[in-house]
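When we follow our numbering, the leftmost residue of the sequence shown carries the number 633, and every step to the right adds one.
Heads up, the beta-carbon is just placed ideally off N, CA and C, and yes, glycines get one too.
Remarks on the structure that follows.
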Amino acid sequence: MNTTNQRALIIVGAGASVEYGIPITSEFTNDITDQINNNNYYKGQDITEVYNYVKDTLVSYYNNEGDAHFERIYHALHELYAHHYFDGAVAKFSPVMAPFFKTQHKFSQTQILGAAKAIIEIIYTQVSSVCDANTNDL
Numbered sequence: 633m634n635t636t637n638q639r640a641l642i643i644v645g646a647g648a649s650v651e652y653g654i655p656i657t658s659e660f661t662n663d664i665t666d667q668i669n670n671n672n673y674y675k676g677q678d679i680t681e682v683y684n685y686v687k688d689t690l691v692s693y694y695n696n697e698g699d700a701h702f703e704r705i706y707h708a709l710h711e712l713y714a715h716h717y718f719d720g721a722v723a724k725f726s727p728v729m730a731p732f733f734k735t736q737h738k739f740s741q742t743q744i745l746g747a748a749k750a751i752i753e754i755i756y757t758q759v760s761s762v763c764d765a766n767t768n769d770l
């Protein structure tokens, strides 16, 4: 197996990575939000709209912008994607929790998944650049 071009991305919480130059959660959330809101591809695919819908809903729910950070936004996107009900699906392929949730959004599964992937891509890019810049420190 060729491992020359492979990388591993490890995200640790509670500020453990701050000393290395990786932003704290609130800064990461601001960076992700800025990048998603200023990316024409994301705008064209309605990924920006999905992301902001989820973020704004969480801000309203928690009544605090700081509690609507990227980890919760990603988790909400993941759950929205996982609890989608497909008409005509047999019980084996239907999420058991679907009947307990009322769909309150207009977004497709592709848009929801796109927003979640956008968060991961931005994190990967940002953390990789920090790691590349700190290669001499290892």
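Of the residues the options, the one placed nearest residue i, counting alpha carbons only
i, options, result
"Leu712", "Lys738, Asp764, Ile664 and Ala765", "Lys738"
"Phe732", "Ala721, Tyr717 and Ser649", "Tyr717"
"Ala714", "Val650, Ser740 and Glu697", "Ser740"
"Gln736", "Glu651, Ala640 and Val682", "Val682"
"Gln667", "Val759, Ile754, Pro727 and Thr767", "Ile754"
"Asn672", "Ala730, Gln758, Ala750 and Glu697", "Ala750"
"Thr665", "Asp764, Asn684, Tyr652 and Val650", "Asn684"
Terminal residues of the alpha helix (DSSP H) in which residue i lies
i, result
"Gln758", "Gln741 to Ala765"
"Tyr693", "Ile679 to Tyr694"
"Leu641", "Segment: none, Leu641 is in no alpha helix (DSSP H) and carries neither H nor E."
"Ser649", "Segment: none, Ser649 is in no alpha helix (DSSP H) and carries neither H nor E."
"Phe660", "Thr657 to Asn669"
"Asn637", "Looking at the DSSP string, Asn637 is not in any alpha helix (DSSP H), and its letter there is neither H nor E."
"His710", "Phe702 to Ala714"
Within-8 Å CB hit, residue i to chain B
i, result
"Ser740", "Any reference to chain B falls outside this structure, which holds one protein chain only."
Supposed close pair residue i, residue j - CB separation, criterion 8 Å
i, j, result
"Ala721", "Val686", "About 24 Å; that fails the 8 Å criterion."
Sub-8 Å separation of residue i and residue j beta-carbons
i, j, result
"Val762", "Ile656", "no"
"Ser760", "Arg639", "yes"
Inset, instruction - Report yes or no: do the region 677–686 and the region 743–758 share at least 3 C-beta pairs separated by less than 8 Å? - result: Below 8 Å, enough C-beta pairs join the region 677–686 and the region 743–758 to call them touching: three or more.
Inset, instruction - Would you be able to state if there are at least three C-beta pairs under 8 Å between the region 691–707 and the region 651–662? - result: With a cut-off of 8 Å on Cβ pairs, the region 651–662 is in contact with the region 691–707, counting three or more such pairs.
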